[in-house]
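K.L.:
Letter by letter, the sequence shown follows residues 807 to 1128 in the numbering used here. Structure provided below as structure tokens; questions to follow.
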Amino acid sequence: MTRRSVLTGTGSALPKRAVSNAEMAKMVDTSDEWIAERTGIRNRYFAGPDENTATLATDAARRALEAAGLQGKDIGLIILATATPNNTFPATATQVQHALGANGGIAFDVAAVCSGFLYALGIADSMLRTGMAEKALVIGSETFSRILDFEDRATCVLFGDGAGAIVLEARDVAEDGPGVLFTKLHADGEHCDLLYVDGGPSTTQTVGHVRMKGREVFRHAVTNLADVLKETLEGTGFTADDVAWVVPHQANQRIIDATARKLGLSPDRVVLTVDQHANTSAASVPLALDTAVRDGRIKPGELIVLEAMGGGFTWGASLIRV
């Protein structure tokens, strides 16, 4: 038997307002054809005045708890990945913790942008396996619409708001049993000027807007994601043929397709939701994961790989048997 963090529930949440490419074309000089051809995006969701990162995270967490057959009071650890917290402090995770009635456990935020959920997953897995908690909520939640420059058509059409969550439980399982098998994380601050927000409390005392050099980001993303997926498989002795599903960060369909080609993965084994939700940053991977679990594509016993890259650059991947 071996101690592992076992995935026992998934959940997600989206704002009420869906925003199509046609609606985006009314805000900025673009078109449905231009956006779809370059990104694969058809739709995204924007948070309303009564919705924020904490409320979306709480809704996603409640659905994950329900799927796991648990209540908030059962959770001893909450890690929330976000680049758009409700406040500079306290951590938005503490607000989610209170809303769920999980007070008294561990709760904190992780800032690694689009890779944030993978970073949070890796931290939670380590903490569960070393006994710091028995049950954890790992959440990615974003309201990127609040930091978009709607005069910059190169970035504002790419992002949306949403949240995704998973429940992990520490269990003793057989070697071929379920759980998080391997996680690999990286960062390279040399490229921090390629994808960033031009504001912050210690520099401009403002929130700022998303800025991106798209071609350079694309090139790094395809290389880094393919490399970390190879590292993850090599670290466990599995091959791409053993993986039932890849759940990638939903930034751009071209990046997803190019990464799959480099690994020799068939597109029908890749979960794709970028057309529905656009890039929801740290929420992207758990939102896509919940979609594929609930529609029946991902089944118990299968090997899945989660992967993402974001500003920093940060990137990572995790192999899980569900």
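Just so you know, even glycine gets a beta-carbon here, dropped at the ideal spot from N, CA and C.
So, under 8 Å CB-CB, residue 902 and residue 860 are touching, yes? Tell me the CB distance rounded to an integer number of Å.
P.N.:
Counting from 1 along the sequence shown, the entry for residue 902 is found at position 96. Counting from 1 along the sequence shown, the entry for residue 860 is found at position 54. Confirmed, Cβ separation roughly 6 Å.
K.L.:
Out of 942, 1084, 961, 1127, state which residue places its alpha-carbon closest to the alpha-carbon of residue 976.
P.N.:
Taking the sequence shown and counting its residues from 1, one reaches residue 976 at position 170. For the residues 942, 1084, 961, 1127, the minimum Cα distance to residue 976 belongs to 942.
K.L.:
Would you mind giving the Cβ-Cβ distance between residue 1057 and residue 948, rounded to the nearest angstrom? I have them listed as a contact below 8 Å.
P.N.:
What you label residue 1057 is simply residue 251 of the sequence shown in a count that begins at 1. What you label residue 948 is simply residue 142 of the sequence shown in a count that begins at 1. About 13 Å separates the CB atoms of residue 1057 and residue 948; that is not less than 8 Å, and the two are not in contact.
K.L.:
If you count every other CB in all the chains shown that lies within 10 Å of the CB of residue 990, and 16 or more means buried, which is it?
P.N.:
Within the sequence shown, residue 990 is the residue found at index 184, counting from 1. Buried, by the Cβ-count rule.
K.L.:
If I'm right that residue 1104 touches residue 1078 with Cβ under 8 Å, what's the distance once you round it to whole angstroms?
P.N.:
To locate residue 1104, count along the sequence shown from 1; it is residue 298. To locate residue 1078, count along the sequence shown from 1; it is residue 272. Rounded, the Cβ-Cβ distance is 13 Å, inconsistent with contact.
K.L.:
Rounded to the nearest angstrom, how far is the Cβ of residue 987 from that of residue 1123, given a contact under 8 Å?
P.N.:
Position 181 of the sequence shown, counting from 1, holds the residue named residue 987. Position 317 of the sequence shown, counting from 1, holds the residue named residue 1123. About 11 Å separates the two Cβ atoms, so there is no contact after all.
K.L.:
Can you find the residues in the same chain that come closer than 7 Å, C-beta to C-beta, to residue 1020, ignoring five residues on each side of it along the sequence?
P.N.:
Numbered from its first residue, the sequence shown carries residue 1020 at position 214. If we look at residue 1020 and ignore the five residues flanking it on each side, its Cβ neighbours are 960.
K.L.:
Measure from the alpha carbon of residue 825 to the alpha carbon of each residue in 1093, 964, 894, 882, then state which is nearest.
P.N.:
In the sequence shown, counting from the first residue as 1, residue 825 sits at position 19. If we check each option's Cα against that of residue 825, 964 comes out closest.
K.L.:
Residues in the same chain with beta-carbon distance under 7 Å from residue 1042, minus the five sequence neighbours each way, listed in chain order, please.
P.N.:
Position 236 of the sequence shown, counted from the start, is the residue given in the question as residue 1042. Correct list, in chain order: 987, 988, 1125.
K.L.:
Check residue 1100 in the structure and name its three-state DSSP category.
P.N.:
As a working note, residue 1100 is residue 294 in the sequence shown. Note: residue 1100 maps to helix in three-state DSSP.
K.L.:
Which residue marks the beginning of the beta strand (DSSP E) containing residue 827, and which one marks its end?
P.N.:
Numbered from 1 along the sequence shown, position 21 holds the residue referred to as residue 827. Not the beta strand (DSSP E): residue 827 falls in the alpha helix (DSSP H), residues 827-833.
K.L.:
Pairs of beta-carbons, one from the region 861-873 and one from the region 1070-1077, closer than 8 Å: are there three or more?
P.N.:
no
K.L.:
Where does residue 1058 sit, in a helix, a strand or coil, going by DSSP?
P.N.:
As a first step, residue 1058 must be located in the sequence shown, where it is residue number 252. Residue state, collapsed to three classes: coil.
K.L.:
Starting from the Cα of residue 1048, find the closest Cα among 1017, 998, 1110 and give me that residue.
P.N.:
Walking along the sequence shown from the start, residue 1048 turns up at place 242. It is 1110 whose Cα lies nearest to the Cα of residue 1048.
K.L.:
Taking 8 Å as the threshold (C-beta atoms), are residue 899 and residue 913 in contact?
P.N.:
What you label residue 913 is simply residue 107 of the sequence shown in a count that begins at 1. What you label residue 899 is simply residue 93 of the sequence shown in a count that begins at 1. Yes, Cβ-Cβ distance for residue 913 and residue 899 is below 8 Å.
K.L.:
Would the beta-carbon of residue 887 fall within 8 Å of that of residue 946?
P.N.:
Numbered from 1 along the sequence shown, position 81 holds the residue referred to as residue 887. Numbered from 1 along the sequence shown, position 140 holds the residue referred to as residue 946. Contact: yes.
K.L.:
Would you give the residue range spanned by the beta strand (DSSP E) that residue 839 belongs to?
P.N.:
Taking the sequence shown and counting its residues from 1, one reaches residue 839 at position 33. Careful: residue 839 lies outside any beta strand (DSSP E), inside the alpha helix (DSSP H) at 838-845.
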